[in-house]
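Residue numbers (the working numbering): 66 to 366.
A virtual CB, placed ideally from N, CA and C, is assigned to each residue, including glycine.
Below is one structure, written out as structure tokens; comments come after it.
Dropping the structure here:
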């Protein structure tokens, strides 16, 4: 018997992806059947007077609605915790994300998930209203002698379902600022709301008309803020925010960059095939964001 051909990395990942999609197909069928069953039952109840006068008609309605809710809202959550999905996700990140990040940043470390102390990330007003946070794709490294921590964040803003995804890059670096300062892109939204001027801050202009149309600079010290804004690397900041809005928080000992995202770009693809070239490119773009930001940061301070 001929020896079975060894699968390439790309083929192996696509095989895992298809195995998970089979499970997801069962979910889609369950959703469709539950919806059809509910509408058919309601038709017979109200048009054909099925079980007229019987309390069972309302019991069945409640049960069917509970089934629809379970299929549409709860099953997708359970699917993300499925062993096949988690195995596929981990294999994808080990193949394409982890090696590139660790190689680029020397002895930096990568982990798929990490703990977040809410107090640490909500001390600045950009994220202050968040009630909880979950971190993943955490990179702890050093670039050009600047230590940083980069991770994807899913923030929850209430007890229901209001969430926001973003990338946060925290750097431990001393600045010459005496008071806090923020730079916020005018399209930056967090928690579904427009960004508001922080209490106790004043808005200053950089003197660069094109930059001031796109960004707002808020500071606690007006004179210090005006001097800082005049020396910003305007083109670099505009380039960094070209695809997605950003916000930056400065104080004397650390700087936070927040990049608003609609999705986690480092997750394994589900609805398209794994293409090695594309996966390497996407991971490389995340690396370039870190490198570009640290380059900008060094110009700022």
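- For residue 244, DSSP records no beta bridge to any residue.
- When secondary structure is reduced to three states using DSSP, residue 108 falls in the helix class.
- With contact defined as three or more Cβ pairs closer than 8 Å, the stretch 244–257 and the stretch 211–219 are not in contact.
- A residue is called buried once 16 or more other Cβ atoms fall within 10 Å of its Cβ, and residue 310 is buried on that count.
- A check of alpha carbon separations from residue 295 across 209, 272 and 264 identifies 272 as the nearest.
- 8 Å or more divides the Cβ of residue 150 from the Cβ of residue 125.
- Selection 239, 270, 236 and 237 evaluated against residue 249 yields 270 as nearest (Cα-Cα).
- Counting C-beta atoms within 10 angstroms of its own C-beta, residue 263 has 16 or more neighbours from the protein chains shown and is therefore classed as buried.
- Residue 78 carries a helical assignment under DSSP once its states are collapsed to helix, strand and coil.
- According to the DSSP assignment, residue 169 belongs to the alpha helix (DSSP H) that extends over 163–169.
- Buried is the label assigned to residue 297, since at least 16 other Cβ atoms lie within 10 Å of its Cβ.
- Membership of residue 156 in the alpha helix (DSSP H) is indicated by the continuous run 148–157.
- The beta carbons of residue 335 and residue 74 sit no closer together than 8 Å.
- Pairing residue 204 with residue 348 gives a Cβ-Cβ distance that is not under 8 Å.
- Between residue 233 and residue 323, the C-beta spacing is below 8 Å.
- In summary, residue 94 is exposed, with fewer than 16 beta-carbon neighbours lying within 10 Å of its beta-carbon over all protein chains present.
- Here DSSP, grouped into helix, strand and coil, assigns residue 73 to coil.
- Taking C-beta separations shorter than 7 Å and ignoring five residues to either side along the sequence, the partners of residue 358 in its chain run 234, 305 and 322, following chain order.
- Residues 212 and 319 of the same chain have their beta carbon placed closer than 6 Å to that of residue 237, with the five preceding and five following residues left out of the count.
- Assignment of beta strand (DSSP E) within the stretch 247–287, counting only whole runs of 3 or more residues, yields 267–269 and 280–284 in chain order.
- Per the DSSP secondary-structure output, residue 233 pairs in a beta bridge with 216 and 323.
- Annotated as distal: residue 299 and residue 315, with beta-carbon spacing of 8 Å or more.
- Assignment of residue 177 by DSSP, reduced to helix, strand and coil, places it in the strand class.
- For the pair residue 302 and residue 160, the Cα-to-Cα distance works out to about 31 Å.
- Around the beta carbon of residue 198, 16 or more other beta carbons sit within 10 angstroms, so the residue counts as buried.
- Collapsing the DSSP output to three states places residue 339 in coil.
- DSSP places residue 95 in the helix class (H, G or I) of the three-state scheme.
- Here residue 206 is bridged, per DSSP, to 213.
- For residue 160, there is no enclosing beta strand (DSSP E), as DSSP marks it with neither H nor E.
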